[in-house]
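Participant:
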Amino acid sequence: MAALDGKVAIVSGAAQGIGEGLALGLSQAGATVLAFDVQDTITQVAEAIEQETGNRVLGMVADVSKRADVERAVATATETLGGIDILVNNAGAWKPTLVDSPWEQAVADWDLIMDTNFKGVMMLSRACVPHLQSRGGGDIVNISTYYVLPARSEGTNNPETDLYNASKWALNGFTDTWSKYLAKDNIRVNGLCMGATDSPMLRGLFPTGELPEAMAKTVMYPSDIARLMLDLIADGRTGENIGAWVGHPVELPPPSPAHRRISG
Ligand SMILES: NC(=O)c1ccc[n+]([C@@H]2O[C@H](COP(=O)([O-])OP(=O)(O)OC[C@H]3O[C@@H](n4cnc5c(N)ncnc54)[C@H](O)[C@@H]3O)[C@@H](O)[C@H]2O)c1
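For what it's worth, our numbering labels the leading residue of the sequence shown as 2, then goes sequentially.
#1: Could you spell out where the beta strand (DSSP E) holding Leu59 opens and where it closes?
#2: Nearest-angstrom Cα distance between Glu211 and Arg204?
#3: Alpha carbon to alpha carbon, what distance is there between Asn187 and Asp199?
#4: Here's the rule I'm using: 16 or more other beta-carbon atoms within 10 Å means buried, otherwise exposed. How should Met2 be labelled?
#5: On the criterion of 16 or more Cβ atoms from any shown chain inside 10 Å, does Trp95 qualify as buried, or is it exposed?
#6: Less than 8 Å between the C-beta atoms of Val75 and Ala32, yes or no?
#7: Ligand 1 and Val39: does the residue's C-beta get closer than 7 Å to at least one heavy atom of that ligand?
#8: Is it the case that the Cβ atoms of Ser28 and Ile43 are separated by a distance below 8 Å?
#9: Comparing the CB of Pro201 with every heavy atom of ligand 1, is any distance shorter than 7 Å?
#10: Roughly how many angstroms separate the alpha carbons of Ala63 and Lys8, rounded to a whole number?
#11: Can you list, in chain order, the residues of its chain whose CB lies under 7 Å from that of Ala167, leaving out five sequence neighbours each side?
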């Protein structure tokens, strides 16, 4: 019997990159998966994972920043797949944003990044929590970034990404408070905070779409993050931001003392 047999997981932003890898990892571990994304390729991606693992993967087009879409995704998971045990808040938007960009641009960037990376997480999690409670517990995994942890390498806190950076720090607040509030319901809430991981988002940072040679040698892969997520779920801890750094083993660290859980 696989570790997650009988469990139902939702993964947001699963049409490519890390989200696709996390959906695959959950499916390989036996879970039934609802994978959604704004891109309509999600349907083929879900079908391909289902074929590979033999476990049900339902793909649907939905935008995490729109309440009606979030409610539709959660209703589909409960009505069609039978419930929710695991929520992976993966969908994320990244773009350079400058502190001195024009106001109109700044406000539009705020709406895009915060509505996806932060408001979307709040809405999707709120919609899932009653279902996790009714199952007697479960897991929420928030996909953050290594920016929120003490640096282990150069290049953290890119000065041209104030909104993305702020959105992930904001996510920390959710991880912290929800983990404490939902402990009574046996719902664990953690963050996964990775450095450079091969994905269309990462490749989009480079004009050719190819990773620079040095980065290509050290970059992590969505499958590394999926293994870490599965270990985290199996471990049962809550309220932690788990780092994954380029050049370091991708593995679950010993549990952190309470005062170091959220920012390392
Ligand atoms: N790749 C990295 O190096 C890296 C590092 C740290 C954190 N992250 C985080 O990992 C997560 C996944 O990143 P990735 O690198 O795979 O990015 P990606 O851009 O390759 O994939 C993100 C997916 O989310 C989807 N998405 C975007 N907005 C959405 C919305 N409103 N509703 C539903 N789906 C939406 C996209 O269509 C895409 O399929 C993000 O939260 C990102 O911030 C990535």
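Even glycine gets a Cβ: it sits at the ideal position worked out from N, Cα and C. What you are looking at is a predicted structure, and each value in this text was computed from that prediction instead of being measured.
Facilitator: With the structure as the only source:
#1: 58-62
#2: 6 Å
#3: 33 Å
#4: exposed
#5: buried
#6: no
#7: yes
#8: no
#9: yes
#10: 22 Å
#11: none
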